[in-house]
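Q: Here it is, the structure, as structure tokens.
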Amino acid sequence: MADTQSIEDLLRQSKAAQKKITATDKLQDKIKEIDVREQERATRQRAQDLGLPYISLRGYPINPDVISLITETEARDCRIIAFYQGSSGVRVGVVEPQAAGLDQILQRLAQKFQGKVELYLISEDSWQWALKHYDRVVKVKMVSRDLEISQADIDQFKQRIIDFQTLDAQIKSGSLTEVFTMILASAINAGSSDIHIEAQEHEIKVRFRIDGVLYDVASMPPERWPKVISRIKLMAKLKMNITTIPQDGRITVAMQDEKIDIRVSTLPTAYGESVVMRLLHSSATALGFDQLGIRGLAYDQLKKEVKRPNGMIITTGPTGSGKTTTLYAILNLLNRPETKIITLEDPVEYKLAGISQSQIDSSREYTFAKGLRAILRQDPDIVMVGEIRDAETTEIAIQAALTGHLVLSTVHTNGAAGTIPRFMALDARPFLLAPALNAIMAQRLVRRVCEKCKAEYTPTDEELVRVKDNLGKIPVNSGYRVDLNALKFYKGTGCDACHHLGLKGRTGIYEVMTMNSDIEKIILSGQVSEYAIQDAAVKHGMITIVQDGLLKALDGITSLDEVFRVAE
21 MADTQSIEDL LRQSKAAQKK ITATDKLQDK IKEIDVREQE RATRQRAQDL GLPYISLRGY
81 PINPDVISLI TETEARDCRI IAFYQGSSGV RVGVVEPQAA GLDQILQRLA QKFQGKVELY
141 LISEDSWQWA LKHYDRVVKV KMVSRDLEIS QADIDQFKQR IIDFQTLDAQ IKSGSLTEVF
201 TMILASAINA GSSDIHIEAQ EHEIKVRFRI DGVLYDVASM PPERWPKVIS RIKLMAKLKM
261 NITTIPQDGR ITVAMQDEKI DIRVSTLPTA YGESVVMRLL HSSATALGFD QLGIRGLAYD
321 QLKKEVKRPN GMIITTGPTG SGKTTTLYAI LNLLNRPETK IITLEDPVEY KLAGISQSQI
381 DSSREYTFAK GLRAILRQDP DIVMVGEIRD AETTEIAIQA ALTGHLVLST VHTNGAAGTI
441 PRFMALDARP FLLAPALNAI MAQRLVRRVC EKCKAEYTPT DEELVRVKDN LGKIPVNSGY
501 RVDLNALKFY KGTGCDACHH LGLKGRTGIY EVMTMNSDIE KIILSGQVSE YAIQDAAVKH
561 GMITIVQDGL LKALDGITSL DEVFRVAE
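Under the working numbering, the residues of the sequence shown are numbered 21 to 588, in order.
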């Protein structure tokens, strides 16, 4: 009996507590309702004072397509919402009409809707309620994988950002929603191949790699970086909450004339995450064989060798010397409907129409060697292997070249003559290697002298000694004749067109070594010497990389400093 009484007492106490909680909740709701009414009253009065129309968005049905006119990031940064779109234009609600970055958003909408943009003042409560509609946007609309930057955006930033000093100022003070687009547009306008954003102790440094050289172009305060990198991660489909391990992703920028693939790499550092973005222009794959910069006897010999039905064409040089671009140019020359071309790359950076491209995956044991074996079962006419780096790949490539396939590939050596000893070190058999090789091409990239500010200059005595020493050794049968007493060289003085660097754009300098009887004898002898191979190639008219660079310096294409920087 006592136990029953105790249970009833507990039930009564529980019901009393629930009533008390309910009464408290109702009181809090009533207080909140009063606060909202007061907030709306104050906002209506402020709108009247500012001469703006007022609206309460609580309960207002907002279409997902309309709210998407302004990104959620922009909405949160500027406390702005697009809530209506009709024949009269678009209506936008804003909590603070003087918010930083608001003008740029309104200008963009005005351009899109021919100036038909109505601005309404809304309360903080209205804005918070309207923000919930972005949850519906994700469910209703697929997020585009492409970041659309119109030509108008590029032109706008080109006019606003005339130099790197202006970019620096804009990044420090501009809207956070525009920072990434601003950096990207500036990099495209400057012809940058890579964007480096590096977290340091007191600042976030922005650097562009232009024509192979890194330049400091801007910096931003550390407190701005988290929102900017979050935007980059969002577009690159990276995990937002992971900051302690590296991540890799891609962004595609859809421009008016081409698409730019951006390879994004994040890296945790002592002061936060740093990001490197490589800009891969689709137009780079359209480079023709005639545009590479190979000239004279080397051009004639290489063009003859690449049109042979079998054998090996090898390009060599350090990372970033343009080897892949050269191979793509050769593939463009050979790409015909009647020809089956397959490539094996690490990774596939550019898509080539009409060519089957395969990407290796070491994590799944899909290596160059295994991939090459598989490719040869696909009955190709031409095979491109991204790199020959081990004995197994070397053997398969040589066998393919001897059995009716044209094989294109790269090897990491300093010069054309060094490629043969490299193959021998990879256990290539001399009696197979000699007949398999068609041509070996070593290359470097040098910056061009800016045509807008090019001027003749006089080299130092030391430079002239180095120039004459190299040009004086040009073989007679190369087809070149140089008057060592009438040398003229050029430099860029610096102008707006080249960002006051004096250099703009790049070209290749080359040495092309084709197989001949003397080189074949050296290989078959088993006593392979890089110097003996070099002498045999020069004897048959080969121009060295340094000599090719100096000849292009004489033609005003590049400068002596550039040639000696990369090739000697």
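We put the CB at the ideal spot given by N, CA and C, even for glycine.
None of the values given here were measured: they were computed from a predicted structure.
Taking the straight line between their C-alpha atoms, what separation do you get for residue 255 and residue 185?
A: Going by the C-alpha atoms only, they are around 27 Å apart.
Q: From residue 347 to residue 282, what does the alpha carbon distance come to, in whole angstroms?
A: Roughly 21 Å separates the two Cα atoms.
Q: Where does residue 222 land, buried or exposed, given buried means 16+ other C-beta within 10 angstroms?
A: Residue 222 is exposed by the Cβ-count criterion.
Q: Per the DSSP calculation, residue 109 is bridged to which residue(s)?
A: Its beta-bridge partners are 106.
Q: For residue 444, does the three-state DSSP call read helix, strand or coil?
A: Correct three-state label for residue 444: helix.
Q: DSSP three-state call for residue 551: helix, strand or coil?
A: DSSP places residue 551 in helix when its eight states are reduced to three.
Q: So, are the CB atoms of residue 16 and residue 363 less than 8 Å apart?
A: The first residue shown for the chain is 21 and the last is 588, placing residue 16 beyond what the model contains.
Q: Nearest by alpha-carbon distance to residue 337: which of 380, 463, 361 and 318 is it?
A: Minimum Cα distance to residue 337 is reached at 463.
Q: Does the Cβ of residue 260 have 16 or more other Cβ atoms within 10 Å, making it buried, or fewer, making it exposed?
A: Looking at its Cβ environment, which holds fewer than 16 other Cβ atoms inside 10 Å, residue 260 is exposed.
Q: Helix, strand or coil: which one does DSSP assign to residue 227?
A: Of the three classes helix, strand and coil, the one that applies to residue 227 here is strand, per DSSP.
Q: Once DSSP output is grouped into helix, strand and coil, what is the label at residue 509?
A: Note: residue 509 maps to strand in three-state DSSP.
Q: Using DSSP with H/G/I as helix, E/B as strand and the rest coil, what is residue 465?
A: Note: residue 465 maps to strand in three-state DSSP.
Q: Taking residue 248 as part of the alpha helix (DSSP H), name the residues at either end of that continuous run.
A: Counting along the chain, the alpha helix (DSSP H) containing residue 248 begins and ends at 245-255.
Q: When DSSP labels each residue in this structure, what does residue 316 get in the three-state scheme?
A: Three-state result, residue 316: helix.
Q: Nearest to residue 330 by CA position, among 287, 299 and 423, is which residue?
A: For residue 330, the nearest C-alpha among the options comes from 423.
Q: Please work out which residues of its chain come closer than 6 Å, Cβ to Cβ, to residue 244, disregarding the five sequence neighbours upstream and downstream, and give them in chain order.
A: Once the five neighbours on either side are set aside, residue 244 has no close Cβ partner at all.
Q: My assumption, with CB atoms under 8 Å, is that residue 485 sits in contact with residue 507. Please give the rounded CB distance.
A: The pair is not a contact, with the Cβ atoms about 12 Å apart (cut-off 8 Å).
Q: Can you have a look at residue 588 and say buried or exposed, based on whether 16 or more other CB atoms are within 10 angstroms of its CB?
A: With fewer than 16 other Cβ atoms within 10 Å, it is exposed.
Q: Could you please give the first and the last residue of the uninterrupted alpha helix (DSSP H) stretch that includes residue 6?
A: Because the chain here runs from 21 to 588, residue 6 falls outside it and cannot be looked at.
Q: Between residue 540 and residue 500, what straight-line distance do the alpha-carbon atoms span, to the nearest angstrom?
A: Going from the Cα of residue 540 to the Cα of residue 500 covers about 26 Å.
Q: Can you check whether the CB of residue 578 is closer than 8 Å to the CB of residue 467?
A: In contact: residue 467 and residue 578 (Cβ atoms closer than 8 Å).
Q: Please classify residue 429: is it buried, with 16 or more other beta-carbons within 10 angstroms of its beta-carbon, or exposed?
A: Residue 429 is buried by the Cβ-count criterion.
Q: On a CA-only basis, which of 227, 220, 194 and 193 is nearest residue 207? Give me that one, please.
A: For residue 207, the nearest C-alpha among the options comes from 227.
Q: Please say whether residue 224 and residue 293 have beta carbons closer to each other than 8 Å?
A: Against a cut-off of 8 Å, the Cβ pair of residue 224 and residue 293 comes out as no contact.
Q: Find the nearest neighbour of residue 241 within the set 230, 252, 217 and 235, judged by alpha-carbon distance.
A: Closest option to residue 241, Cα to Cα, is 217.
Q: Ordered along the chain, which non-local residues of its own chain (more than five positions away) have a Cβ less than 7 Å from that of residue 387?
A: Answer for residue 387: 380, listed in chain order.
Q: If you follow the beta strand (DSSP E) that residue 288 is part of, which residue opens it and which one closes it?
A: Counting along the chain, the beta strand (DSSP E) containing residue 288 begins and ends at 279-289.
Q: Kindly identify the DSSP beta-bridge partner or partners of residue 321.
A: According to DSSP, which records beta bridges pairwise, residue 321 is partnered with nothing at all.
Q: Considering only C-alpha positions, which residue in the set 274, 279 and 288 is nearest to residue 264?
A: Of 274, 279 and 288, the residue nearest in Cα terms is 288.
Q: Can you give me the C-alpha to C-alpha distance between residue 584 and residue 448, rounded to a whole angstrom?
A: Residue 584 and residue 448: Cα-Cα distance of roughly 33 Å.
Q: For the putative contact between residue 141 and residue 80, defined by C-beta atoms under 8 Å, what is the C-beta separation to the nearest angstrom?
A: In fact, because the Cβ distance is near 14 Å, the residues do not count as touching under 8 Å.
Q: Just the Cα atoms here: how many angstroms apart are residue 87 and residue 300?
A: Approximately 32 Å between the Cα atoms of the pair.
Q: Go to residue 430, then tell me how far its beta strand (DSSP E) extends in each direction, as first and last residue.
A: Taken as a continuous stretch (DSSP letters only), the beta strand (DSSP E) holding residue 430 covers 426-431.
Q: Kindly identify the DSSP beta-bridge partner or partners of residue 215.
A: According to DSSP, which records beta bridges pairwise, residue 215 is partnered with 228 and 297.
Q: In this structure, does DSSP put residue 154 in helix, strand or coil?
A: Correct three-state label for residue 154: helix.
Q: Which of the three DSSP states, helix, strand or coil, is assigned to residue 360?
A: Coil.
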